[in-house]
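Structure record follows, encoded as structure tokens.
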Amino acid sequence: MRYSLLSRFEGGLLGGAIAAVKLQQRGSADSISDACELQDSAIASLLRCGGFDASDWLAAIATLSPSLLQRRQKMTASEVAIAIFPLAFYSHEHRDSLHARVREAAGVWLHDGENLAELLLWADAIALILREKLPPNRLLDSLLASAIDPAAENLKTLEYLSLQLERATPLEAIARAPEAPSAIALALYSFAATPEAFSLCLDRALRTSLVSPLAPLLVGAIAGLYNSSSGLPARPGLDPSQLQHRQQQARQLFTAWSGSYRLDRWNLNAPVIAGAGMLQARPSLKIISH
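Residue numbers (the working numbering): 3 to 292.
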């Protein structure tokens, strides 16, 4: 694997946090706050239950952000995509299970008029990255190739984005078109154009934030996931407490996902899993000569 799963988990959460800070600096905090709060409550529930539990998630929200309960079945697909990001981490190994969990989450939060198929497409993109099934610069082709009985609207969206990518159409032009695609589609396009350049992906999406404020948040998350925490630039705007909080969330998610459920007994500040070609110091290692 090019990067460890822990590094990818961390990169996804940090990438989203970097995007959120940049959006707040542009005065777009209100448009993303519900989605970010929903994601935090999803992480809390996953850690507490060791897996997805819709009832516990609602209980977590009632404690952390009770006003969000008023938005049940009223959220856009893009908002729910942010919320289910940690859920896709947790269920990335098995597509059927992943889709079942996404459908269950959508049943709680997604507005009836929104596109469930795009949420499944988003989850598939995350899973492809985590399973190392995504060749560089082949996101859209990989999603098309992996589709099983894909929804017609997803095929149409992917084919449209592939065509625009071949033409090198600027993201701003796509976002401002009369029939502009969703924030999820815009995020996938921005990421697919330059997957290994996190800052470029995010800056491109930020230029569309007035018409699609959630697109940068989605781009930050998926580009951070792909490049991992070791591939991110300096964390602009993240104060030490924000950085520590997201790193801790990623480590706890990884620990719970890997089966080590007693989170209080694990200290992953110096993880033993590193990317290929990286040496790590082991300060507690003692060499005993015979």
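Note that the Cβ used here is the ideal one computed from N, Cα and C, for glycine as well. All figures in this text were calculated on a predicted structure; none of them were measured in a lab.
| query | Is it true that the CB of E39 sits closer than 8 Å to the CB of L15? | reply | Result no, Cβ atoms of L15 and E39 do not sit closer than 8 Å.
| field | Buried or exposed (CB count within 10 angstroms, at least 16 for buried), H96 | value | The residue is exposed, with fewer than 16 neighbouring Cβ atoms inside 10 Å.
| field | Test: I20 CB closer than 8 Å to a CB of chain B | value | In summary, chain B is missing from the structure at hand, where a single protein chain is found.
| task | Mark K158 as exposed unless 16 or more other C-beta atoms lie within 10 angstroms of its C-beta, in which case mark it buried. | result | By the neighbour-count criterion, in which 16 or more other beta carbons inside 10 Å mark a residue as buried, K158 falls on the exposed side.
| task | Evaluate G2 with the Cβ neighbour count: other Cβ atoms within 10 Å of its Cβ, from every protein chain shown; 16 or more gives buried, anything less gives exposed. | result | With the chain represented from 3 up to 292, any question about residue 2 goes unanswered, as that position is not in the structure.
| said: If you measure between the beta carbons of I45 and W124, is that distance less than 8 Å? | reply: No, they are not a contact pair.
| Buried or exposed: where does Q27 fall if 16 or more other Cβ atoms within 10 Å of its Cβ makes it buried? | When all chains shown are included, Q27 counts as exposed.
| request: Select from N156, L145, A21, H113 the residue whose C-alpha is nearest the C-alpha of P218. | output: Nearest C-alpha to P218: A21.
| said: Quick check on the burial criterion: 16 or more other C-beta atoms within 10 angstroms. Buried or exposed for D241? | reply: Per the 10 Å Cβ criterion, exposed.
| Can you tell me the Cα-Cα spacing of S9 and S231, whole angstroms? | The straight-line gap from Cα to Cα measures roughly 5 Å.
| field | Beta-carbon spacing of A194, L141 below 8 Å | value | Using a Cβ distance threshold of 8 Å, A194 and L141 count as a contacting pair.
| query | So what does DSSP say about L112, is it helix, strand or coil? | reply | Strand.
| Span separating the alpha-carbon of P68 from that of D42 | Here the alpha carbon of P68 sits roughly 13 Å from the alpha carbon of D42.
| message | What does the alpha-carbon distance come out to for the pair T210 and A61? | response | When rounded, the separation of the alpha-carbon atoms in T210 and A61 is 35 Å.
| Do P183 and S30 have their C-beta atoms within less than 8 Å of each other? | No, they are not a contact pair.
| Cβ-based neighbour list, T78, same chain, cut-off 7 Å, excluding 5 preceding and 5 following | Spatial neighbours of T78 in its own chain (CB-CB distance under 7 Å, excluding positions within 5 residues in sequence) are listed in chain order as H113, E116.
| query | If you compare alpha carbons, which of A189, E12, P235 is closest to E174? | reply | With distances taken between Cα atoms, E174 lies closest to A189.
| Could you give the distance in angstroms between the alpha-carbon of F11 and the alpha-carbon of L227? | Rounded to whole angstroms, F11 to L227 spans 6 Å at the Cα level.
| message | Less than 8 Å between the beta carbons of Q254 and L49, yes or no? | response | The Cβ-Cβ distance between Q254 and L49 falls below 8 Å.
| said: Given this structure, state the Cα-to-Cα distance separating W259 from P172, to the nearest angstrom. | reply: Their backbone Cα atoms lie some 38 Å apart in a straight line.
| request: Pull up the CB-CB distance for F200 and G18, whole angstroms please, since I reckon it's below 8 Å. | output: Their Cβ separation, rounded to whole angstroms, is 12 Å, which puts F200 and G18 out of contact at 8 Å.
| C-alpha distance - R73 paired with G261, whole-angstrom precision | Taking the straight line from one Cα to the other gives about 33 Å.
| message | Alpha carbons only, please: which of P197, S243, D205 is nearest the one belonging to L167? | response | Distances from the alpha-carbon of L167 to those of P197, S243, D205 put P197 closest.
| query | Excluding the five sequence neighbours on either side, which residues of its own chain have a C-beta within less than 6 Å of the C-beta of L111, listed in chain order? | reply | First, the amino acid is wrong: residue 111 is Trp here, not Leu. Only M77, V82 meet the Cβ criterion.
| field | 8 Å contact criterion, which L163 and Y191 should meet: CB distance rounded | value | Contact between L163 and Y191 holds: CB atoms are separated by about 5 Å, below the 8 Å threshold.
| query | Ends of the alpha helix (DSSP H) at Q251? | reply | Its alpha helix (DSSP H) spans residues 242–259.
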